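Protein chains: 2
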Amino acid sequence: MRTELTKLLNITYPIIQAPMAGGISTPELVAAVSNHGGLGMIGAGYLSAEQMKQQVQEVRKQTTQPVGVNLFVPEEVEVTGKELETADHFLQGVREELGIEKQSAPTIPSEEDRWQAFEEQVDVIIRERLPVCSFTFGLPPNDVITEMKKKNIILIGTATTVEEALAVQEAGLDMVVVQGSEAGGHRGNFINDHEGSLIGLMSLIPQTVDHVDIPVIAAGGIMDGRGLSAAFALGAQGVQMGTAFLTCTESGASSAHKQAVMETSEEKTVLTRAFSGKWARGIQNSFIANSRNIESQLPGFPVQNILTKHMRKIAGEELNTDYMSLWSGQSPRLAEPSTAAELINRVMEEAKDTVQRLSNS
Amino acid sequence: MRTELTKLLNITYPIIQAPMAGGISTPELVAAVSNHGGLGMIGAGYLSAEQMKQQVQEVRKQTTQPVGVNLFVPEEVEVTGKELETADHFLQGVREELGIEKQSAPTIPSEEDRWQAFEEQVDVIIRERLPVCSFTFGLPPNDVITEMKKKNIILIGTATTVEEALAVQEAGLDMVVVQGSEAGGHRGNFINDHEGSLIGLMSLIPQTVDHVDIPVIAAGGIMDGRGLSAAFALGAQGVQMGTAFLTCTESGASSAHKQAVMETSEEKTVLTRAFSGKWARGIQNSFIANSRNIESQLPGFPVQNILTKHMRKIAGEELNTDYMSLWSGQSPRLAEPSTAAELINRVMEEAKDTVQRLSNS
């Protein structure tokens, strides 16, 4: 399935591994995906420029194929004392439950600091001559776009509605990932509100391709060749898969996270903002359930994320899934333990079979 | 696209017109769909047995092809005085806004009465020898299933999760409609809760077909041949389209409703329970917006539906879209004004083109 997208990205198969920040997209996973004809993506959202550079160099030792990086575009966040109090009260209960001592108040970087870190990440991408960079949580500033385009870096935006996809195109980016409501992890809406931006891919893909000229990449719930063929039928030129790669051997997700995905079912993945202050889809657990009454009153991203960091670290070390962020899309029943190469082969084989089946019907 | 489903239903194309209760699925629409190779469905949820019988006879004057009927399975509803008070207070504000006088308290039929009415509907379906009957909001009792199956009526259940689809199969029904989160109108969840049952079709179809043996019909956001092909790629054997038929010439939706669908966009369709007490997807308007703070405290279905009936009638007469229930799925940008025949032809042509495009890629 050669498309304008595979040509532009210089890859064999129209499969992009979703950049899963927080250690899931290991250099091993990224390199394996790129070595087997897809596009491996480093999830650099939480990395400093220096950490990102190290990851790029780790990946480069393992592949000569194109790889990309994903950056979070810094957002304005206004946090009230009341929100911090609500978070502290809620997290104090959790700490007592887990026997964690209260840490000294974590440093919240200023917006200026966050923009500074972002610019440093961009500089590394340019200096390391990475061929692809995608953005989530908003659009990069015009001067960043101009500078990166001058270096022939393919730029990919993330949208959850047609309006957002149009904004990505108008900003001059080369492609757009449309994130359906099925997707696991953080929601990428940046113009439309949370409620209005939960659009299923069956609706989101065709309405987007009717309105934009740049290639559309579908993300959300796609785990096999049936999903890839369906996304193509709807007009996408590529797919971005997250949960499917999360359970792969090379992924850095903890064994507890992988196992939770393999054992859960679609109706148990829910949307929560209690972990990070930004809505995200993950497997229902005690932490999410207990936050229900107050989750709308918690601080925004990235503040809440910083406040829960220590708890998530301890829970992860103890393999306590009740307090881990178990991100998952809505198709966990399709998850399989395999290598990235096996997954890519399986998806492409199934896609071929699916098209054959459709042709015969 | 001949499938086990088209053979069982004895139709030419795998397209089922969604039974839209409340006057949208007119006898003209139902007959037009069946005359052009799809399956027309009478939405009998709000009809008495006698009214349903008249509609069946109207349809029969216009087609000799198979048609079906949809019934709402009565649900237990417990309503508190507090809920009725909340509804009354909220609706009093609306009445003042619209200059409507308060009516005498509407009669709320008892559960026994509602079961009685349901059994009478079933009797008419059997006596009129209708070939197909679908159910929403739950499973019919075993004796009804046994009786209808004895008469060779094809029975279709409605599910929003794999668990619900399995329950439909285990009850002995012949097919299952899987309703994705994209779907307009009322949600059909009956085992899983509202939040857990909002699954996008990209996830819902493949996970369901992997677990049930009966044919799966996909519903939600499917409006054209791309959607039909995608649903088939994911494993569905047929599609049920609502919003696509709602804007057809033969549909009984008001011109104001049709126009609202044609002019809206995907992010403006939201879920609300303020109209009926049951969650449903429609176009955001003042009534929905103003109910946000109290909608979770309103009475359940069908009580809230009865309480808002007079308001909806007046708003409809005045073409006041701020207070009408403007049901719509998440693909309103794909809506077109056309006849049902034109729609069916367009969908099938596009589906053929789509499969051709996939084969060439």
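Order-wise, the sequence lines are chains H and S. Mapping of the first sequence onto my numbering: residues 1 to 361, in sequence order. Mapping of the second sequence onto my numbering: residues 1001 to 1361, in sequence order. Even glycine gets a Cβ: it sits at the ideal position worked out from N, Cα and C. Since this is a predicted model, take the numbers as computed values, not measurements.
For the region 1114-1145 of chain S, which segments carrying the beta strand (DSSP E) assignment without a break, of at least 3 residues, lie completely within its bounds, in sequence order? DSSP assignment within the region 1114-1145 of chain S yields the following whole beta strand (DSSP E) runs of 3 residues or more, N-terminal first: 1132-1136.
Less than 9 Å between CB atoms is the rule here; does residue 1211 (chain S) satisfy it with respect to chain H? yes
From residue 9 (chain H) to residue 3 (chain H), what does the alpha carbon distance come to, in whole angstroms? Approximately 10 Å, taken between the alpha carbons.
Would you say residue 1230 (chain S) lies against chain H (beta-carbon separation less than 9 Å)? Interface criterion met: the Cβ of residue 1230 (chain S) is under 9 Å from a Cβ in chain H.
Shorter than 9 Å from the beta carbon of residue 1278 (chain S) to some beta carbon of chain H? no
Within the region 1269-1297 of chain S, note down every full alpha helix (DSSP H) run reaching 4 residues or more, in order along the chain. 1286-1291
Between the alpha carbons of residue 256 (chain H) and residue 325 (chain H), how many angstroms are there, rounded? 11 Å
Where does the unbroken alpha helix (DSSP H) through residue 6 (chain H) begin, and where does it stop? Bounds of the alpha helix (DSSP H) holding residue 6 (chain H) are 4-9.
Run the CB neighbour count on residue 1240 (chain S), radius 10 Å, all protein chains shown included, and call it buried at 16 or more, exposed below. Answer is buried; the Cβ neighbour count reaches 16.
Cβ neighbour criterion (16 or more within 10 Å) applied to residue 1319 (chain S): exposed
Are three or more beta carbon pairs between the region 1160-1168 of chain S and the region 352-359 of chain H nearer than 8 Å? Too few Cβ pairs lie closer than 8 Å, so no.
Who are the near neighbours of residue 1034 (chain S) in its chain, counting only those whose CB is closer than 7 Å to its CB and skipping five residues on each side? 1040, 1063, 1065, 1066 and 1067
From what residue to what residue does the alpha helix (DSSP H) around residue 1030 (chain S) run? Run containing residue 1030 (chain S): 1027-1035, per the alpha helix (DSSP H) assignment.
Taking the beta carbon of residue 89 (chain H) as the centre, do at least 16 other beta carbons fall within 10 Å, making it buried, or is it exposed? exposed
Taking a contact to mean a Cβ-Cβ separation below 9 Å, would you say residue 1179 (chain S) touches residue 203 (chain H) in this structure? no
Confirm, please, whether the CB-CB distance from residue 350 (chain H) to residue 172 (chain H) is below 9 Å. no
Can at least three beta-carbon pairs, one atom from the region 302-321 of chain H and one from the region 187-194 of chain H, be found at a separation below 8 Å? no
How about residue 1332 (chain S) and residue 1261 (chain S): do their beta carbons lie closer than 9 Å? yes
Can you give me the start and stop residues for the beta strand (DSSP E) that residue 235 (chain H) sits inside? Segment: none, residue 235 (chain H) is in no beta strand (DSSP E) and carries neither H nor E.
Taking any Cβ of chain H, which residues in the region 1342-1356 of chain S have a Cβ under 8 Å from it, in chain order? 1354 and 1355
I believe residue 1061 (chain S) touches residue 1186 (chain S) by the beta-carbon criterion, under 8 Å. Please report the beta-carbon distance rounded to the nearest angstrom. Actually they are not in contact, since the Cβ atoms of residue 1061 (chain S) and residue 1186 (chain S) sit about 29 Å apart, beyond 8 Å.
Check whether the Cβ of residue 1003 (chain S) lies closer than 9 Å to any Cβ atom in chain H. It does; some Cβ of chain H falls within 9 Å.
Suppose only complete runs of 4+ residues qualify. What are the alpha helix (DSSP H) ranges in the region 1212-1257 of chain S, listed by chain order? 1225-1234 and 1243-1246
So, with DSSP's three-state summary, where would you put residue 1186 (chain S)? strand
Since residue 254 (chain H) contacts residue 283 (chain H) with CB under 8 Å, what's their CB separation in whole angstroms? That pair is no contact at about 13 Å.
Going by alpha carbons, who is nearest to residue 32 (chain H) out of H:345, H:295, H:352 and H:148? H:345
Below-9 Å beta-carbon distance, residue 1163 (chain S) vs any chain H residue: Judged by the 9 Å Cβ criterion, residue 1163 (chain S) is in contact with chain H.
Might you give, ordered along the chain, the residues of its own chain that have their beta carbon closer than 6 Å to the beta carbon of residue 1122 (chain S), omitting 5 neighbours on each side? Around residue 1122 (chain S): 1144.
Three or more C-beta pairs under 8 Å: does that hold for the region 1225-1235 of chain S against the region 229-248 of chain H? yes
Between the CA atoms of residue 216 (chain H) and residue 1221 (chain S) - distance to the nearest angstrom: 18 Å
For residue 62 (chain H), which of helix, strand or coil comes out of DSSP? Correct three-state label for residue 62 (chain H): helix.
Measure the alpha-carbon distance for residue 373 (chain H) versus residue 18 (chain H) and round it to whole angstroms. Since the displayed chain H opens at 1 and closes at 361, residue 373 (chain H) lies outside it and no answer follows.
Run down chain S in chain order and give the residues with a C-beta less than 7 Å from the C-beta of residue 202 (chain H). 1180, 1182, 1200, 1201, 1202, 1220, 1221, 1222, 1227 and 1230
Residue range of the beta strand (DSSP E) that residue 1159 (chain S) falls in? 1154-1159
Span separating the alpha-carbon of residue 1081 (chain S) from that of residue 1299 (chain S): 9 Å
Alpha carbon to alpha carbon, what distance is there between residue 1263 (chain S) and residue 1305 (chain S)? 26 Å
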